[in-house]
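Novice: Have a look at this one before I ask anything.
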Amino acid sequence: MSRPRGVRGEARRATITGPCVREAMERAVRHLAEHEELINALNVFPVPDGDTGTNMVLTVQSAVDGLRELGDASLGKTLEVMASRALLGARGNSGVILAQYLVGLSQGVDSHRASWQTWAEALARATDEAYRAVAEPKEGTILTLMRAVAEEAKRLQGKPLPAAALALLSRANEALAQTQEMLPELAEAGVVDSGGLGYLFALRGFVEQVVGETEMAEPLRALLEENRERMEAYTAARREPAPDAPALRDTPSTRFCLQFILQGEDLPLGEIRERLSRETASVVVVGGPTMAHVHVHTNDPDSALGIGATYGEVGRVKLDDIHRQYHDFVFGTKGEVTGPVALIAVVNGEGLAEIARGLGATEVIVADKMNPAVGELLEAIGRVPQAQVVILPNNENGILVAQHAAQLSEKEVRVVPTTTIPQGLAALLAAEGDLASTVAKIEGAMGRVRTGEVTTSIRRTNLNGLPIQAGEYLAIWDSSPMSTGKTPEEALLRSLPQVLGQESLLTLFYGREVTNAQAMGLADAIRGQFPNLEVQIYYGGQPYHHYIVALE
């Protein structure tokens, strides 16, 4: 009889490992993506997290992206990486709560593997963290399922792992059905909480990974069949737009959904949550002492951002018009992208694409092997609803093609000649206002970031007095070769003393051929050599550069 990966034999049948959790999260993403539209459609609240399914998919996908190439890392390290990436990539109310849940889970386990008792305690801590993240926790939501699962896990101590995991899914199923009784809005619509349903699908990934082909496989299949029938009932009962619905009769009192990342030292999350609660609604503040993810609903985004700025540096601001979303929700129309200017970014890796979207790119073109053709750019320009468009080529060889596409388009298109990925990401962060203002701010931001790249030399040569052997790793800064090394990490480390000045932040985007462990080791080495330099790591997924580096 086969045994699922990460579950270690009879003597350890109540043991959970890093590979087990990693593969469980990959299953969770698949289940969430498969049912994304159903979860979206179940939302019934006047202020809908109307893309709950999408937000949860993106949040969990961010966590999974952080686990690439992690291999057989310890459970503690797996949970730590997963939580930090989920926190950075969290979307929407449910996504932010889920990210903080994962943070709590990681804080509860720091060992190579976990017994069921340790796992149950970690689930309890994760639930406490999720409740604490919300200024006004409400039952009948995703929180209810988290609490039910934690309580059931505690009760199941001593049970074989597959049986205990199946019991968790069964209890979550019951708790999901009970959400109808807890919130009148759900009872009236005849559906369950959308965030809770998303949590159930994510939990299913964990249970399937643990149960595998054990004796619990058949009971699991029976439970999933019951779930399928329930899903069909929820789909049939979901609220349809009323054909004669009066325009925005119940328009929410708050206008904007605001999210941002706050970075600082010793961030007092409780105090920040309390201050924001005095002026805003739907407050969720999650994270740790140096970084927090903030989600609020407000009529005065500047005031909320001002509160955040008193505690640290505000970044990755995302602002959505709730009134527009509500109108689309009532009438079943597709919402237009907020903002007068569309931003089209060209990148060369799936990780970089996700980062660009998170920074506000309206359209992202992934060009792994070659720069996009004029036709591809024209199609992207046509897909965005805005009449004004900015293209960020992020590659010197793509500028002329982008300019040609701009000339052929009927829209007002400007090409800002970003030549590197770091320039493009800095541009996305700076973009704001009308077309002229956006272009001016982008052009200013481009000059404040330096770009490093580490690649493999394909021939023997001498550049700028630097002898380079074929097969050596080469570190290039702003198009100038700086140093070589026997490893990508050695090449980059040798180059840093030559380029560092007053910069305070270095961001590593590691490529497909680099493992997470390599990137983390390099980051630690940089911190050790330059203790005053803050170092961040992201999976870029670029095919030809081992590392792309932004220095600010």
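Sequential numbering from 13 applies to the sequence shown in this note's numbering.
The beta carbon of each residue, even a glycine, is placed where N, CA and C say it ideally should be.
For the alpha helix (DSSP H) that contains ARG34, what are its first and last residues?
Specialist: Along the sequence shown, read from residue 1 onward, the residue named residue 34 stands at position 22. Run containing ARG34: 30 to 46, per the alpha helix (DSSP H) assignment.
Novice: Is HIS124 helix, strand or coil by DSSP?
Specialist: Residue 124 sits at position 112 when you count from the first residue of the sequence shown. Looking at HIS124 - three-state DSSP - the assignment turns out to be coil, as it is neither helix nor strand.
Novice: What would DSSP say about SER492, mapped onto helix, strand or coil?
Specialist: Mapped onto the sequence shown, residue 492 falls at position 480. Strand.
Novice: TYR550 lies in the beta strand (DSSP E); which residues open and close that run?
Specialist: Within the sequence shown, residue 550 is the residue found at index 538, counting from 1. Element bounds for TYR550: 546 to 551.
Novice: Helix, strand or coil for LEU475 per DSSP?
Specialist: In the sequence shown, residue 475 corresponds to position 463, counting from 1. If DSSP states are grouped into helix, strand and coil, LEU475 belongs with the strands.
Novice: Measuring alpha carbon to alpha carbon, tell me which residue in ARG103, GLU46, CYS32 is nearest THR90.
Specialist: As a first step, residue 90 is located in the sequence shown; it is residue number 78 there, counting from the start. Out of ARG103, GLU46, CYS32, CYS32 has the C-alpha closest to the C-alpha of THR90.
Novice: In angstroms, rounded to a whole number, what distance separates the CA positions of THR139 and GLU220?
Specialist: Indexing the sequence shown from 1 puts residue 139 at position 127. Indexing the sequence shown from 1 puts residue 220 at position 208. Cα to Cα, the separation comes out at about 22 Å.
Novice: Per DSSP, LEU517 is paired with what?
Specialist: Mapped onto the sequence shown, residue 517 falls at position 505. In the DSSP output, where bridge partners are listed per residue, LEU517 has GLU546.
Novice: Distance, Cα to Cα, VAL308 vs GLY210?
Specialist: Numbered from its first residue, the sequence shown carries residue 308 at position 296. Numbered from its first residue, the sequence shown carries residue 210 at position 198. Spanning the two alpha carbons is a distance of roughly 21 Å.
Novice: Which residue marks the beginning of the beta strand (DSSP E) containing THR467, and which one marks its end?
Specialist: Indexing the sequence shown from 1 puts residue 467 at position 455. Element bounds for THR467: 462 to 468.
Novice: Under the DSSP definition of a beta bridge, which residues are partnered with MET303?
Specialist: Residue 303 sits at position 291 when you count from the first residue of the sequence shown. Paired residue(s): GLN275.
Novice: By the 10 Å Cβ neighbour count, where 16 or more other Cβ atoms means buried, how is PRO470 classified, buried or exposed?
Specialist: The residue you call residue 470 lines up with position 458 of the sequence shown. Reading off the sequence shown, one finds Ile at residue 470, where the question assumed Pro. Under this definition ILE470 is an exposed residue.
Novice: Give a yes or no on whether the C-beta atoms belonging to ARG579 and ALA482 are separated by under 8 Å.
Specialist: As displayed, the chain neither begins before 13 nor continues past 564, which places residue 579 out of reach and without an answer.
Novice: Could I get the ranges of all uninterrupted alpha helix (DSSP H) runs contained in the stretch 183 to 207, with 4 residues as the minimum, in chain order?
Specialist: If we require 4 residues or more, the alpha helix (DSSP H) runs fully inside the stretch 183 to 207 come out as 196 to 201.
Novice: How is the beta strand (DSSP E) around LEU563 delimited, first residue to last?
Specialist: To locate residue 563, count along the sequence shown from 1; it is residue 551. Run containing LEU563: 559 to 563, per the beta strand (DSSP E) assignment.
Novice: Within the same chain, show all residues whose beta-carbon is closer than 7 Å to that of ASN287, passing over the 5 residues directly before and after it, in chain order.
Specialist: The residue you call residue 287 lines up with position 275 of the sequence shown. In the sequence as displayed, the identity of residue 287 is Arg instead of Asn. Excluding positions up to five away in sequence, the list reads ILE319.
Novice: For MET94, count neighbouring C-beta atoms within 10 Å of its own C-beta (all shown protein chains included) and say buried if the count is 16 or more, exposed if not.
Specialist: As a position in the sequence shown, residue 94 is number 82, starting the count at 1. It counts as buried.
Novice: Name, in chain order, the residues that DSSP records as bridge partners for LYS330.
Specialist: Here the question's residue 330 lines up with position 318 in the sequence shown. Paired residues: GLN271.
Novice: Figure out for me which residue from LEU99, THR64, ASP63 has the closest Cα to the Cα of VAL76.
Specialist: By one-based count along the sequence shown, residue 76 stands at place 64. For VAL76, the nearest C-alpha among the options comes from LEU99.
Novice: Hey, ALA357 and ALA368: beta-carbon distance below 8 Å or not?
Specialist: As a working mapping, residue 357 is identified with position 345 in the sequence shown. As a working mapping, residue 368 is identified with position 356 in the sequence shown. The answer is yes: Cβ separation under 8 Å.
Novice: Ignoring anything shorter than 4 residues or poking outside the stretch 51 to 117, list the alpha helix (DSSP H) runs there in chain order.
Specialist: Counting whole runs of 4 or more residues, the stretch 51 to 117 contains the alpha helix (DSSP H) stretches 64 to 77, 87 to 101.
Novice: Only counting the same chain, and skipping five residues up and downstream in sequence, which positions put a Cβ closer than 7 Å to that of LEU364?
Specialist: In the sequence shown, the residue the question calls residue 364 occupies position 352. Here the set comprises ILE433, PHE521, GLY552, GLY553, GLN554.
Novice: What's the gap between the Cα of ALA179 and the Cα of ALA529?
Specialist: Residue mapping note: residue 179 aligns to position 167 of the sequence shown, counting from 1. Residue mapping note: residue 529 aligns to position 517 of the sequence shown, counting from 1. If you take the alpha carbons of ALA179 and ALA529, they lie about 35 Å apart.
Novice: Suppose the cutoff is 8 Å on Cβ atoms and the five residues either side in sequence are ignored; what does the same chain contact list for GLY493 look like?
Specialist: In the sequence shown, counting from the first residue as 1, residue 493 sits at position 481. According to the sequence as given, residue 493 is Pro; it is not Gly. Cβ neighbours of PRO493 beyond the five flanking positions: LEU475, ASN476, LEU478, ILE480, LEU486, ALA487.
Novice: On the three-pair Cβ rule with 8 Å, is the stretch 186 to 193 touching the stretch 155 to 175?
Specialist: Yes, the stretch 186 to 193 touches the stretch 155 to 175.
Novice: What is the residue span of the beta strand (DSSP E) that LEU404 lies within?
Specialist: Here residue 404 is taken as the residue at index 392 of the sequence shown, counted from 1. Element bounds for LEU404: 400 to 404.
Novice: For VAL396, which residues from the same chain have a beta carbon less than 8 Å from its beta carbon, with the 5 sequence-adjacent residues on both sides left out?
Specialist: Residue 396 sits at position 384 when you count from the first residue of the sequence shown. Closer than 8 Å at Cβ, skipping near neighbours: VAL349, ALA354, ILE356, THR374, GLU375.
Novice: Could you say which of THR468, GLY497, VAL402 lies nearest to LEU440 if we only look at CA atoms?
Specialist: As a working note, residue 440 is residue 428 in the sequence shown. Measuring from the Cα of LEU440, the nearest candidate turns out to be VAL402.
Novice: Quick check: the Cα distance between ASP256 and GLU197, rounded to an integer number of angstroms?
Specialist: Position 244 of the sequence shown, counting from 1, holds the residue named residue 256. Position 185 of the sequence shown, counting from 1, holds the residue named residue 197. Here the model assigns ASP256 a pLDDT of 38, short of 50, so the residue's position is not dependable, and the following value carries that caveat. Going by the C-alpha atoms only, they are around 20 Å apart.
Novice: In chain order, what residues of the same chain lie with their CB nearer than 6 Å to the CB of ALA562, ignoring the 5 residues before and after it?
Specialist: Taking the sequence shown and counting its residues from 1, the one referred to as residue 562 is at position 550. Excluding residues within five positions, the ones whose Cβ falls inside 6 Å are PRO434, VAL461, THR519.
Novice: Exposed or buried, VAL59, counting other C-beta atoms within 10 Å across all chains shown (16 or more means buried)?
Specialist: Here the question's residue 59 lines up with position 47 in the sequence shown. Residue placement at VAL59 cannot be trusted, given a pLDDT of 35 that sits under 50; what the coordinates show is reported in the next sentence. Looking at its Cβ environment, which holds 16 or more other Cβ atoms inside 10 Å, VAL59 is buried.
Novice: Determine contact between the stretch 64 to 76 and the stretch 534 to 543, defined as no fewer than three beta-carbon pairs at a distance below 8 Å.
Specialist: The stretch 64 to 76, when compared against the stretch 534 to 543, does not touch it at the 8 Å Cβ threshold.
Novice: Residues in its own chain within less than 8 Å of TYR113 by CB, not counting five upstream and five downstream?
Specialist: One-based indexing of the sequence shown puts residue 113 at position 101. Excluding positions up to five away in sequence, the list reads ALA138, THR139, GLU141, ALA142, MET158.
Novice: Could you give the DSSP three-state label for TYR569: helix, strand or coil?
Specialist: With the chain covering only 13 through 564, there is no way to say anything about residue 569.
Novice: Measure from the C-beta of GLY318 to each C-beta in chain C and report whether the shortest distance is under 8 Å.
Specialist: The structure shown contains no chain C; it is built from a single protein chain.
Novice: Helix, strand or coil: which one does DSSP assign to VAL396?
Specialist: In the sequence shown, residue 396 corresponds to position 384, counting from 1. It is coil, neither helix nor strand.
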